[in-house]
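This report refers to the structure that appears directly beneath it.
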């Protein structure tokens, strides 16, 4: 049954390809290639292999690049992800097109946090709250915009429970697309406002997030969805490549060096797998020296299917029903879970999880030591980094990068208990009485 | 009475200077100079002239700079305000010290907004919501941090009702200072959380913002305040210089050219006067070609003392009791009001205001056209730009830059009415019925 639906989608999408890919210019992107069986198809708005239903990803032709020329070109590029245009599925003149232009966020040398955690080898926080809508989603949506433009789509869409809705709304507005985003109808008012302010259609679906997703799949196969690019469905192969830019930036910001260890959050697992892909590309292109690196995956205990599978030594991931404050990571059935397990094991990393209390503590720890106010997802990665040091899996003498993928302003509830340290009358006597002098 | 208090403060502060300025290295900053009478004093934590009580500002020695070498040095610098270290009161190695590193925010070419407003000469939004704590305050606090370090202060403080508290808390945490921020005790819980999360002391004062300020002035003169740097009081001359970086970045991002017109928000008026100072410096240094530019000031109608004075042709500003949703601009007695009037008149600009409804409309307009979700202050500048075009004061055929100084996530209440465009059941029939196909 599931296979049939996927096959239906794949062939429908393939039909669309035929009429749209003749003149597609997406730079070095040469084709789509199945991650499972290697079957190649032309670039188009397809996401599942017509042979084996495996996920399609971008295959590149980087053969013409000279390492030193490429490095110079990148370094002379704009202070955003388009400095890496030669490595992404986008046209060479992408920086001149209207887009949200995320990236080149700060890699913060976190010396205060390092001291608290006992890290001596150099600790860095890659702080993606600096993106235009303050989450890493801007990176992937910016890619989807360029693919949507290439394929002639006019409406940009997605299902979302938060960050992605805002990222799509903002990017669509800038780039001149209509947007229509689907969310569960009972989302918190604050999140609705953040997504609605960009003026696109924001449609509440009577049902939960799974119902929203199911409806979106139906819409893609219906004539009503013609001309619609769903950033994380029929544009997913392009969209997902945006996460590679995290790997590129981290290495360039370290002076074109691989870090020894990375701690990356896991929602669908796509981000972690694309970071690994990005690091491998840099090695193959000669932009960094080849050396071992370890990738660690971070989950919240209340949604830890990959962590559970990792610890049990399984190759497959058993779905969970999420129950955690880290809602942006709360995907109970992560599509790329098995690939994450592969990468953690191959690189000598691990997958770990922390409970909600540890998430909140880690948010406060990061804010107190580095002045970075992270979303709950950032609490997960910092909390997991701490736990991995404590249980000896993360080596504190090595260079370590921890990702913060979102902004604390979006998950204020998590730290709602934080408040005034004192209340005083407006005079010095009251100030002294409070012990503040 | 007022004079006496100011004189008292000035001489107290001067005492502190004597013991701290012997070995101060703040780069090109040569001295403090009174804006009114030109009296010079050594660099130190003073803010009022001991001769005439006028405001002190930084006097620089730029005489050794070669224009082309300076330009190259800047362009090779980091993607933050420290690329302009040679023009700021900071040591040359500032980029290596722990600080929040704001700036180099996007100058967005706002073609969609230009179309709606009828601007043909090129319209840009300088989007300072991309700073670490998502407001321009990070620029000024980053300067204050370096001054505090130079003067040996160990506690960083301020009075605040919002953005500044978060900026001080974050920067102090990163840079290793204790922080103690004073706010009115009845501030909204969300704002308290945003300021408290960085773990510094956050003290509620039983009283309004004026009471908080009065208390801070008392504390500066008391032994209990020894070692305390109040970013916008005894560190104000250094702090204020951070706003110059907006002028530098705008010109560099335009390809080392002056814009023809700028629309700048007015709270105390300091930002606008320092942007003018920054533009003048670039002209004198030969980094941009000298040509006329116009600076327009923007206020909310509910706090429009400078706009009222401008329209009445007055040189002085009559204080108002603020009542507007644009709380980050709600300073009823703006210290730099008279200087703003001077600059608007000298450059051929103007000062205008918009009401709260127009502020909200402008927030939505900017979000809908450019995908930028601005704080109410950004609604004020965009709304004023629109009004100035309508009343013929702003020339739509000229290159125009509008400032957005903060993030919409901090003033969600302003657009709380924004919501779902439709609610449907999770099927195509319901989708079609809602007219979304």
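Chains as they are written, first to last, in my numbering: chain A, 46 to 482; chain Y, 46 to 482.
Don't be surprised by glycine CBs; every beta carbon is placed ideally from N, CA and C.
Because the structure is a prediction, the values reported are computed rather than measured.
Query, Result
"Against residue 110 of chain Y, what residues of chain A qualify as contacts under a CB-to-CB distance less than 9 Å, listed in chain order?", "Per Cβ cutoff of 9 Å: no residues; residue 110 of chain Y is ~24 Å from chain A at best."
"Could you tell me whether any Cβ in chain Y is nearer than 8 Å to the Cβ of residue 455 of chain A?", "yes"
"Candidates A:324, A:366, A:311 and A:338: which alpha carbon is nearest residue 355 of chain A's?", "A:311"
"If you run the structure through DSSP and keep just helix, strand and coil, what is residue 273 of chain A?", "strand"
"Verify the CB distance criterion: does residue 403 of chain Y have a CB-CB separation below 8 Å to chain A?", "no"
"Can you pull the chain A residues whose beta carbon is under 9 Å from the beta carbon of residue 267 of chain Y, in chain order?", "473, 476 and 482"
"Name the residue from A:441, A:221, A:474 and A:470 whose alpha carbon lies nearest to the alpha carbon of residue 339 of chain A.", "A:441"
"What's the C-alpha gap between residue 463 of chain A and residue 409 of chain A?", "9 Å"
"Suppose the cutoff is 6 Å on Cβ atoms and the five residues either side in sequence are ignored; what does the same chain contact list for residue 482 of chain Y look like?", "none"
"If you draw a straight line from the C-alpha of residue 146 of chain Y to the C-alpha of residue 128 of chain Y, how long is it?", "10 Å"
"Within the 8 Å Cβ cut-off, does residue 33 of chain Y reach chain A?", "Given a span of 46 to 482 for chain Y in the structure shown, any question on residue 33 of chain Y remains unanswerable."
"Between A:296, A:398 and A:344, which has its C-alpha nearest residue 373 of chain A's C-alpha?", "A:344"
"Please classify residue 319 of chain Y as buried or exposed, where buried requires at least 16 neighbouring CB atoms within 10 angstroms.", "buried"
"Answer with yes or no whether the minimum CB distance from residue 463 of chain Y to chain A is below 8 Å.", "yes"
"Quick check on the DSSP output: what are the complete alpha helix (DSSP H) runs of length 4 or more inside the region 201-243 of chain Y, in order along the chain?", "208-220 and 234-241"
"Could you check the C-alpha separation between residue 81 of chain A and residue 358 of chain A for me, to the nearest Å?", "21 Å"
"If we count the other Cβ atoms within 10 Å of its Cβ and call it buried at 16 or more, is residue 477 of chain A buried or exposed?", "exposed"
"Grab me the residues of residue 433 of chain A's own chain with a C-beta within less than 8 Å of its C-beta, minus the 5 sequence neighbours each way, in chain order.", "308, 341, 395, 397 and 439"
"Inspect the beta-carbon positions of residue 269 of chain A and residue 473 of chain Y and report whether they are closer than 8 Å.", "yes"
"Taking the alpha carbon of residue 291 of chain Y as the reference point, which residue from Y:114, Y:404, Y:126 and Y:331 has its own alpha carbon closest?", "Y:126"
"If contacts are defined as beta-carbon pairs under 8 Å, then residue 185 of chain A and residue 238 of chain Y qualify, I think. What distance do you get, rounded to the angstrom?", "29 Å between Cβ atoms; not a contact."
"Could you give the residue range of the alpha helix (DSSP H) that holds residue 476 of chain Y?", "473-478"
"Look at the alpha carbon of residue 169 of chain Y and the alpha carbon of residue 207 of chain A, and state the distance between them as a whole number of angstroms.", "28 Å"
"How would you label residue 198 of chain Y, buried or exposed, when you count the other beta carbons within 10 angstroms and need 16 or more for buried?", "buried"
"Residues of chain Y with CB closer than 8 Å to the CB of residue 157 of chain A, please, in chain order.", "143, 218, 219 and 221"
"Three or more C-beta pairs under 8 Å: does that hold for the region 324-338 of chain A against the region 398-418 of chain A?", "no"
"Cβ closer than 7 Å: which chain A residues qualify as neighbours of residue 151 of chain Y?", "146"
"Name the one or two DSSP bridge partners that residue 449 of chain Y has.", "Y:172"
"When you compare only the Cα positions, how much space is there between residue 90 of chain Y and residue 160 of chain Y?", "48 Å"
"Please classify residue 469 of chain Y as buried or exposed, where buried requires at least 16 neighbouring CB atoms within 10 angstroms.", "buried"
"Hey, does residue 469 of chain A have any beta-carbon neighbour from chain Y nearer than 8 Å?", "yes"
"Mind pulling the chain Y residues with CB within less than 7 Å of residue 190 of chain A?", "Here the premise fails: no neighbours, minimum Cβ distance about 11 Å."
"Taking Cβ to Cβ, would you say residue 216 of chain Y is nearer than 8 Å to residue 279 of chain Y?", "no"
"My understanding is that residue 293 of chain Y touches residue 323 of chain Y, with C-beta atoms under 8 Å, so please give their C-beta distance in whole angstroms.", "6 Å"
"Using only the alpha-carbon positions, how far apart do residue 386 of chain A and residue 364 of chain A sit?", "14 Å"
"Any C-beta of chain A sitting closer than 8 Å to the C-beta of residue 412 of chain Y?", "yes"
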